[in-house]
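**Q**
In our numbering, the protein residues as written are 8 to 103.
(1) Tell me the rounded alpha-carbon separation between residue 31 and residue 10.
(2) I need the DSSP call for residue 103, collapsed to helix, strand or coil.
(3) Output the distance between the C-alpha atoms of residue 58 and residue 33, rounded to the nearest integer angstrom.
(4) Quick one: grab the DSSP three-state call for residue 4.
(5) Less than 8 Å between C-beta atoms, sequence neighbours within five positions excluded: which residues of the same chain meet that for residue 65?
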């Protein structure tokens with residue numbers, strides 16, 4: 008895998024991870040608000056909205072702070088799967 012392909016793969020994985028976290032946090036927000044409304048929980052909706060916005064931001068911050076570690080782990084998994092050394096690292100590839 009050449010360096011350009013490696014960068015494209017890395018970018019694609021990062022985009023998909025970001026989209027997953029974004030989708031999960033949106034579902035968390037929607038599901039919680041539906042639950043609060045359906046069960047008539049005694050909490051101010053503006054307070055709930057603010058708390059969920061904070062939680063959404065925290066989830067995105069956590070994703071961004073752990074993305075490098077995730078990509079290193081993904082690199083190891085790709086090496087095992089493709090039997091190719093360092094598919095997410097620049098340099099020559101070799102078969103095992």
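Note that the Cβ used here is the ideal one computed from N, Cα and C, for glycine as well.
Since this is a predicted model, take the numbers as computed values, not measurements.
**A** This is what the structure holds:
(1) Spanning the two alpha carbons is a distance of roughly 32 Å.
(2) Because residue 103 sits at a pLDDT of 44, beneath the cut-off of 50, its placement in the model cannot be relied upon, and the point is left open.
(3) Cα to Cα, the separation comes out at about 13 Å.
(4) In this structure the chain extends from 8 to 103, so residue 4 is not present and cannot be described.
(5) By the criterion of a C-beta distance shorter than 8 Å, residue 65 is surrounded by no residue of its chain, once the five residues flanking it on both sides are discounted.
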